[in-house]
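Undergrad: Before we start, here is the structure in question, set down as structure tokens.
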Amino acid sequence: MLKFHKLSSNIFLFFTFFSYFVRSHVFTYYGCSQEKFQPNTPFETNLNSLLSLFVSSSSQTLYDSFAIGNDTNASINYAIYGLYQCRGDLRTPECSQCVKNAVSRVGVACPYSYSASLQLEECLVRFENYDFLGKLDTSLRFKKCSKSVSHDAQSLKRRDDVLVELGEVDQGFRVSSSGLVQGFSQCLGDLNPNDCSSCLEEAISKLKSLCGSSMAGDVFLDQCYMRYWTSGYYDSPSRSSRDDDDVGKTVAIIVGVVAGVAAFIVLLSFCGKS
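Using UniProt numbering, the first residue of the sequence shown is number 1, and each one after it goes up by one.
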């Protein structure tokens, strides 16, 4: 009887967690290193400390970066470098919740990886086993474009005007609009103003070349991102990024595993009752 009661409580907690998982922030992309570290090593200890710092710091500020274990006198290098950043229009409680969510997912998406990046709709967490902080990198991480529409010179001009304004941000977060076209952009907090401008210029170039006449588009580069949309076109964008397909597969696998475990727990509860 006591055993069954304990299982029932676990089922309630399980489905509470599952409900939260489904409702929580949406994946944009993630990426993991192929090289893996061994569990119960100093690197894992440093990684756990780093992720804890992300969570605690995000209740105070929308961006922070850290380096742990980077002692040059150490005989073996277990150093880890990382940052988190929330979208610039968030409040700190929203930022903190998003970062907690991202931290809880990154270990599932990238188990025992030396390097990982996980971008949710409203925040990013990233860690590496080398010092990447403040070093410009405009590699493409993710892109998403709406379905192409017939060329509308006026709409495309308004889009280009918005993109120009979004590229003028020296640091932080910027929004812009022209008619029905809106957008926002942001650089990572570790970039200096010149590198931020360079990153956003590359983002504009990528949006124009990859999304063409689409009325909505996102590009996430390694250290900045930019998004624009026109009213009526942003609701159902096509997802052509391979990374996004991988994310969808991962989420489907996770949901399938969760459902299977749930069914198993329910079966155990009935057996216990019997």
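The beta-carbon is built from N, C-alpha and C at its ideal position, and this holds for glycine as well. From a predicted model like this one, the values you see are computed outputs, not experimental measurements.
Can the beta-carbon of L50 be found less than 8 Å from the beta-carbon of F132?
TA: no
Undergrad: Given a threshold of 16 other Cβ atoms within 10 Å of its Cβ, counted over all protein chains shown, does R242 qualify as buried or as exposed?
TA: Low confidence applies to R242: its pLDDT is 38, below 50, so where it sits in the model is not reliable, and the reading given next is rough at best. Around the beta carbon of R242, fewer than 16 other beta carbons sit within 10 angstroms, so the residue counts as exposed.
Undergrad: With DSSP run on the structure shown, which of helix, strand or coil describes residue 321?
TA: Residue numbering for the chain in the displayed model covers 1 to 274; residue 321 lies beyond these limits and cannot be assessed.
Undergrad: Could you tell me which uninterrupted beta strand (DSSP E) segments, each at least 3 residues in length, are contained entirely in the region 80 to 110, listed from first to last along the chain?
TA: 80 to 86
Undergrad: Roughly how many angstroms separate the alpha carbons of P111 and R91, rounded to a whole number?
TA: P111 and R91: Cα-Cα distance of roughly 30 Å.
Undergrad: Could you check which residue in N129, G217 and Y78 has the C-alpha nearest to that of S146?
TA: Nearest C-alpha to S146 among N129, G217 and Y78: G217.
Undergrad: Is it the case that the CB of L188 approaches a heavy atom of the ligand FAD more closely than 7 Å?
TA: Of the ligands one can find in the structure shown there are none, so the ligand FAD has no counterpart to examine.
Undergrad: So, helix, strand or coil for Q60, using DSSP?
TA: coil
Undergrad: Let's see if you can read the secondary structure: which residues bound the beta strand (DSSP E) around V125?
TA: C123 to E128
Undergrad: Mapping the DSSP letters down to three states, classify F184 as helix, strand or coil.
TA: strand
Undergrad: If I'm right that K208 touches L140 with Cβ under 8 Å, what's the distance once you round it to whole angstroms?
TA: Going by Cβ atoms, the distance from K208 to L140 rounds to 14 Å, so no, they are not a contact pair.
Undergrad: Specify, as a first and last residue, the run of the alpha helix (DSSP H) that residue 350 falls within.
TA: Residue 350 lies beyond the range of the chain shown here (1 to 274); nothing can be said about it.
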